[in-house]
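Q: These protein sequences, in sequence, are chains A and B.
UniProt numbering applies: residue 1 is where the first sequence begins, and numbers increase by one.
UniProt numbering applies: residue 1 is where the second sequence begins, and numbers increase by one.
Ideal placement from N, C-alpha and C gives every residue a C-beta, glycine not left out.
There are 2 protein chains.
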Amino acid sequence: MTSEVVHKATLAKRAASVMNTVTTDQKNAALLTIADALIAHTADIIEANKLDLQNGEAAGTSRSLLDRLALDEARIEAIAQALREIALLPDPVGELLEQFDRPNGLHIEKSRVPLGVIGIIYEARPNVTVDAAGLCLKTSNCVVLRGGSAALESNRKIIEVLRQALETTALPADALQLIEDSDRASVNEMLKLNGLLDVIIPRGGSVLIRTVVENATVPVIETGAGICHTYIDASANADMAASISLNAKAQRPSVCNSMETLLVHEAFASESLLSLAEQFKAAKVELRGCERVIQLISGVKQATDADYATEYNDYILNVKIVDSLDEAIAHISTYGTQHSECIVTEDASNAARFMQEIDAAAVYHNASTRFTDGFEFGFGAEIGISTQKLHARGPMGLPALTSTKYRIIGSGQIRG
Amino acid sequence: MTSEVVHKATLAKRAASVMNTVTTDQKNAALLTIADALIAHTADIIEANKLDLQNGEAAGTSRSLLDRLALDEARIEAIAQALREIALLPDPVGELLEQFDRPNGLHIEKSRVPLGVIGIIYEARPNVTVDAAGLCLKTSNCVVLRGGSAALESNRKIIEVLRQALETTALPADALQLIEDSDRASVNEMLKLNGLLDVIIPRGGSVLIRTVVENATVPVIETGAGICHTYIDASANADMAASISLNAKAQRPSVCNSMETLLVHEAFASESLLSLAEQFKAAKVELRGCERVIQLISGVKQATDADYATEYNDYILNVKIVDSLDEAIAHISTYGTQHSECIVTEDASNAARFMQEIDAAAVYHNASTRFTDGFEFGFGAEIGISTQKLHARGPMGLPALTSTKYRIIGSGQIRG
Numbered sequence: 001m002t003s004e005v006v007h008k009a010t011l012a013k014r015a016a017s018v019m020n021t022v023t024t025d026q027k028n029a030a031l032l033t034i035a036d037a038l039i040a041h042t043a044d045i046i047e048a049n050k051l052d053l054q055n056g057e058a059a060g061t062s063r064s065l066l067d068r069l070a071l072d073e074a075r076i077e078a079i080a081q082a083l084r085e086i087a088l089l090p091d092p093v094g095e096l097l098e099q100f101d102r103p104n105g106l107h108i109e110k111s112r113v114p115l116g117v118i119g120i121i122y123e124a125r126p127n128v129t130v131d132a133a134g135l136c137l138k139t140s141n142c143v144v145l146r147g148g149s150a151a152l153e154s155n156r157k158i159i160e161v162l163r164q165a166l167e168t169t170a171l172p173a174d175a176l177q178l179i180e181d182s183d184r185a186s187v188n189e190m191l192k193l194n195g196l197l198d199v200i201i202p203r204g205g206s207v208l209i210r211t212v213v214e215n216a217t218v219p220v221i222e223t224g225a226g227i228c229h230t231y232i233d234a235s236a237n238a239d240m241a242a243s244i245s246l247n248a249k250a251q252r253p254s255v256c257n258s259m260e261t262l263l264v265h266e267a268f269a270s271e272s273l274l275s276l277a278e279q280f281k282a283a284k285v286e287l288r289g290c291e292r293v294i295q296l297i298s299g300v301k302q303a304t305d306a307d308y309a310t311e312y313n314d315y316i317l318n319v320k321i322v323d324s325l326d327e328a329i330a331h332i333s334t335y336g337t338q339h340s341e342c343i344v345t346e347d348a349s350n351a352a353r354f355m356q357e358i359d360a361a362a363v364y365h366n367a368s369t370r371f372t373d374g375f376e377f378g379f380g381a382e383i384g385i386s387t388q389k390l391h392a393r394g395p396m397g398l399p400a401l402t403s404t405k406y407r408i409i410g411s412g413q414i415r416g
Numbered sequence: 001m002t003s004e005v006v007h008k009a010t011l012a013k014r015a016a017s018v019m020n021t022v023t024t025d026q027k028n029a030a031l032l033t034i035a036d037a038l039i040a041h042t043a044d045i046i047e048a049n050k051l052d053l054q055n056g057e058a059a060g061t062s063r064s065l066l067d068r069l070a071l072d073e074a075r076i077e078a079i080a081q082a083l084r085e086i087a088l089l090p091d092p093v094g095e096l097l098e099q100f101d102r103p104n105g106l107h108i109e110k111s112r113v114p115l116g117v118i119g120i121i122y123e124a125r126p127n128v129t130v131d132a133a134g135l136c137l138k139t140s141n142c143v144v145l146r147g148g149s150a151a152l153e154s155n156r157k158i159i160e161v162l163r164q165a166l167e168t169t170a171l172p173a174d175a176l177q178l179i180e181d182s183d184r185a186s187v188n189e190m191l192k193l194n195g196l197l198d199v200i201i202p203r204g205g206s207v208l209i210r211t212v213v214e215n216a217t218v219p220v221i222e223t224g225a226g227i228c229h230t231y232i233d234a235s236a237n238a239d240m241a242a243s244i245s246l247n248a249k250a251q252r253p254s255v256c257n258s259m260e261t262l263l264v265h266e267a268f269a270s271e272s273l274l275s276l277a278e279q280f281k282a283a284k285v286e287l288r289g290c291e292r293v294i295q296l297i298s299g300v301k302q303a304t305d306a307d308y309a310t311e312y313n314d315y316i317l318n319v320k321i322v323d324s325l326d327e328a329i330a331h332i333s334t335y336g337t338q339h340s341e342c343i344v345t346e347d348a349s350n351a352a353r354f355m356q357e358i359d360a361a362a363v364y365h366n367a368s369t370r371f372t373d374g375f376e377f378g379f380g381a382e383i384g385i386s387t388q389k390l391h392a393r394g395p396m397g398l399p400a401l402t403s404t405k406y407r408i409i410g411s412g413q414i415r416g
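#1: Determine the chain B residues that contact A/Pro219 at a beta-carbon separation under 7 Å, and present them in chain order.
#2: Is the beta carbon of B/Ala242 closer than 8 Å to that of B/Leu276?
#3: Would you kindly report the start and end of the unbroken alpha helix (DSSP H) that includes B/Ala352?
#4: Starting from the C-beta of B/Gln26, find all residues in its chain whose C-beta is less than 6 Å away, skip the five residues before and the five after it, and write them out in chain order.
#5: Rounded to the nearest angstrom, what separates B/Ser368 and B/Leu325 at their Cα positions?
#6: Closest to A/Ala306 by C-alpha separation, out of A/Ala328, A/Gly336 and A/Val285, would be which residue?
#7: What does B/Asp21 touch in chain A if you count any residue whose Cβ is under 7 Å from its own?
#8: When every heavy atom of the ligand FAD is checked, does at least one fall within less than 7 Å of the C-beta of A/Ala58?
#9: Against chain B, which members of the stretch 227-246 of chain A pass a CB distance test of less than 7 Å?
#10: Nearest to A/Glu357 by CA position, among B/Pro114, B/Arg210 and B/Val220, is which residue?
#11: Mind checking the stretch 403-416 of chain B against chain A and listing, in chain order, the residues whose C-beta falls within less than 9 Å of any C-beta there?
#12: Do residue 467 of chain A and A/Leu246 have their C-beta atoms within less than 8 Å of each other?
#13: Assuming the contact rule is C-beta atoms closer than 8 Å, B/Leu196 and B/Ala362 should be a hit. Round their C-beta distance to whole Å, please.
#14: Could you work out which residues of chain B lie near A/Tyr364, taking near to mean beta carbons separated by less than 7 Å?
#15: Using the three-state DSSP reduction, which class does A/Thr129 fall into: helix, strand or coil?
#16: Please list, in chain order, all residues of the same chain as B/Ala234 whose beta carbon is under 6 Å from its beta carbon, the five residues on each side excluded.
#17: Please return the same chain residues whose Cβ sits closer than 8 Å to the Cβ of B/Asp314, not counting the five positions on each side in sequence.
#18: Just to confirm the assignment, what range does the beta strand (DSSP E) spanning A/His107 have?
#19: Checking contacts by CB at 8 Å: is B/Leu115 closer than that to chain A?
#20: Since B/Val212 sits in a beta bridge, which residues does DSSP pair it with?
#21: How about B/Ala15 and B/Leu137: do their beta carbons lie closer than 8 Å?
#22: Quick one: any contact between the stretch 36-53 of chain B and the stretch 207-219 of chain B, if contact means 3 or more CB pairs under 8 Å?
#23: Taking CB distances under 8 Å as the criterion, tell me whether B/Glu214 reaches chain A.
#24: Below 8 Å on the Cβ atoms is my contact criterion, and I expect B/Val212 with B/Ile227 to pass it. Report the Cβ-Cβ distance as a whole number of Å.
#25: May I have the straight-line CA-CA distance separating B/Leu401 from B/Val285, to the nearest angstrom?
#26: Between the C-alpha atoms of B/Ile79 and B/Phe280, what's the straight-line distance to the nearest angstrom?
#27: Beta-carbon separation of A/Arg163 and A/Leu176 under 8 Å?
#28: Starting from A/Val319, follow the alpha helix (DSSP H) in both directions and report where the run begins and ends.
#29: If A/Val128 and A/Arg184 are in contact, beta carbons under 8 Å, what's the gap, nearest whole angstrom?
#30: Any beta carbon from chain B within less than 8 Å of A/Ala361's own beta carbon?
#31: If you follow the beta strand (DSSP E) that B/Asn104 is part of, which residue opens it and which one closes it?
#32: Select from A/Ile316, A/Ile294 and A/Gly299 the residue whose C-alpha is nearest the C-alpha of A/Gln251.
#33: Give the residues from the stretch 105-139 of chain A that approach chain B closer than 7 Å (Cβ to any Cβ), ordered along the chain.
#34: So with CB distances below 8 Å, who are the chain B contacts of A/Ser333?
#35: Where residue 417 of chain B and B/Tyr406 are concerned, what is the direct C-alpha to C-alpha distance, given to the nearest angstrom?
#36: Indicate whether at least one CB of chain B lies closer than 8 Å to the CB of A/Phe280.
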């Protein structure tokens, strides 16, 4: 018997050939139609969401997770509004990237095409369901969604509403598929679905991402962990260094672009680290330090190698005093996850060296690492932040959901 | 104990930070130096190659494989010349791809950077050893090479020569690593070496590629099989159709961009297929046909579903008569490998539909699929032909061996 995963991925693959021929106007109209349908079915969606919340409470789900799962009128309006904004973005599909003529008269064009069928595996946030659907439809892709079981009732109702609404548009309803089987086996099946899925994008915590990367035979876009550093150089402006490092740590510690370790040049440390540490303490940040930090600041716990390798996503910060830019670069090369790294300095040549030598998706001079974000970069959308080097790196906008195709136009050319 | 694979990949990763700072001039000078070194050590290399040939003969290796393995003065000169040509190509590393300013004053630049450490797993052709080394060095990458055991003595000598020559240049010798352990376990170890290898590129037959795709946790660039089609439309120019389809099949059947199945519109078939079949027979191509072809042409074997799904790489061709462009597109969508597909037609709207609706790396109108090739496209180099949709698709030139990095220059910006 065909499994749910194979059945729905097959329907999506068939729909991909229709999606390959729809126009930008048709896609944008469909995005507005499904946004309206979400609003029109607000009550139904909230009712389905209540079932998820009840199941979650019965299962002892934490208050913060239930909060992220909960939908109300305002949240559904925000989700629909996000679709309307996706409709306003430029369409990358069809964009002519290169064209050239060969001496034999062949004319060659390279242009953007959809990826085809995208598998998205994510956790219990029903807004991701709509956001992923909107981004995939805008880029002429089909999508097979596999959300967390905690949001199954909400996701089922949302996809039912979206698919019904698509029936009234030029886009095929089968472009949107939801895997309802909440067994882990359905994830594993998706990961091996070469030939039906063109790419898998995991969106969620590090365990989910590791599972996908380690088991997928389908190509993956990894949106991974961020152990981000800020290095305060000897010549840093003290106020700027404090402002940037506090923002990088404490403005929203739970996200991947927040700072986990602060590296401080000893010349800066002897002048200003004590007062900076007071500001972190005032922001309720627990400090863990190297030997020299412990000697300088009372009540600081020793930072271990394991601490330097941890993405806390919390109000905890490692602080290490270094003797040189080289030592800072070496530390980041050892413990960083090639996400976002910052140098605060007034020394242009140190800044240039840091920006060149640090291997990361985003390197900052005198700005907070918190800016690594598709909206902050002005992309108008964000599929995630890629921490791999293939295909897309850093914040991913709509072009990250496209591939390319060569069109070769001849007049009978053959190869000699 | 650290294995050879981990040891050498670690050395390569360390060397990557040096490669990240070398200049284009330094790289080009090093390429010329290693080309000279190969020539200077021609006798040593031929001697090592003789050991491989003797081992191969003792093991009963086929004549054609021994031919591909054999090195002589002319071949070594050709290999060295390829390095000199790589030196002449433009350097993609450092290329500024985008830059923009945000309303908050952040200046954002996106530029090309090396991938880092590339693992290349390939079969018994020592020219690949030098070619891969040259392409990786040109793009500021380090490379861990794992060639077939049949070429081990040749590869060991070649890499010894190249590494010694690099010692006299600005590039680190450790940028080039050869895995000498010929056990399959060393391949499997490379496939899981996340954190040390940034990407793996398999170069070889379908079994090797499948092994890599199915087992790697490191991101892979798949250079896969080609089941390529030529569709002769009702309105095709008969001479052009014959010339293109004969070239696509018989000019070099062993390569991935050669044709495996010819689809012919019934209007063309009734006029011209008989004479075209005679030309294929004269070119010693065995034909396998659908029912209608068998009725039309005597002595043609029935083509099975398995035949349509086979990359023959040989003088064998499936021929199928179709009633419409739609049927041709449907056949290609079922059996094609998204490599190279051609329509021969004088009908512009049919050509446009074929080029839009066929999902492949390269789609041709009135030209042979044999042109899918980095050199034929004018790239001056070819790492392989990607049949996946992520990162690079179709013939890969030097930019396919790069990633990108965002540099963000601020003046104290923090996120609100």
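A: This is what the structure gives:
#1: Gln388 and Leu390
#2: Going by C-beta atoms, B/Leu276 is nearer than 8 Å to B/Ala242.
#3: Ala348 to Glu357
#4: Ala170
#5: Cα to Cα, B/Ser368 sits roughly 19 Å from B/Leu325.
#6: A/Gly336
#7: Note on identity: in this sequence residue 21 of chain B is Thr, with Asp being the wrong assignment. For B/Thr21, the C-beta contacts it makes with chain A under 7 Å involve Gln356 and Glu357, in order along the chain.
#8: By its list of ligands, the structure shown contains no ligand whatsoever, and the ligand FAD lies outside what it can speak to.
#9: Met240, Ser243 and Ile244
#10: B/Pro114
#11: So the list reads Ser403, Thr404, Lys405, Tyr406, Arg407, Ile408, Ile409, Gly410, Ser411, Gly412, Gln413, Ile414, Arg415 and Gly416, given in the order they occur along the chain.
#12: With chain A running from 1 to 416 in the structure shown, residue 467 of chain A is simply not present.
#13: In fact, because the Cβ distance is near 34 Å, the residues do not count as touching under 8 Å.
#14: Ile408 and Gly410
#15: helix
#16: His265, Ala267 and Phe268
#17: Pro253 and Ser254
#18: His107 to Pro114
#19: yes
#20: According to DSSP, which records beta bridges pairwise, B/Val212 is partnered with nothing at all.
#21: In this structure, B/Leu137 does not lie closer than 8 Å to B/Ala15 by Cβ.
#22: With a cut-off of 8 Å, the stretch 207-219 of chain B and the stretch 36-53 of chain B do not count as touching, because too few Cβ pairs lie within range.
#23: Judged by the 8 Å Cβ criterion, B/Glu214 is in contact with chain A.
#24: The pair is not a contact, with the Cβ atoms about 19 Å apart (cut-off 8 Å).
#25: 38 Å
#26: 35 Å
#27: yes
#28: For A/Val319, there is no enclosing alpha helix (DSSP H); the residue is found in the beta strand (DSSP E) stretching over Ile316 to Val322.
#29: Not really, about 19 Å apart at Cβ, beyond 8 Å.
#30: A/Ala361 counts as touching chain B.
#31: Unbroken run through B/Asn104: none, as it is neither H nor E.
#32: A/Ile316
#33: Those residues of the stretch 105-139 of chain A that come within reach of chain B (Cβ to Cβ, closer than 7 Å) are Leu106, Ile108, Leu115 and Gly116.
#34: Within 8 Å Cβ-Cβ: Ser17.
#35: The question about residue 417 of chain B has no answer here: the residues shown for chain B are numbered 1 through 416.
#36: no
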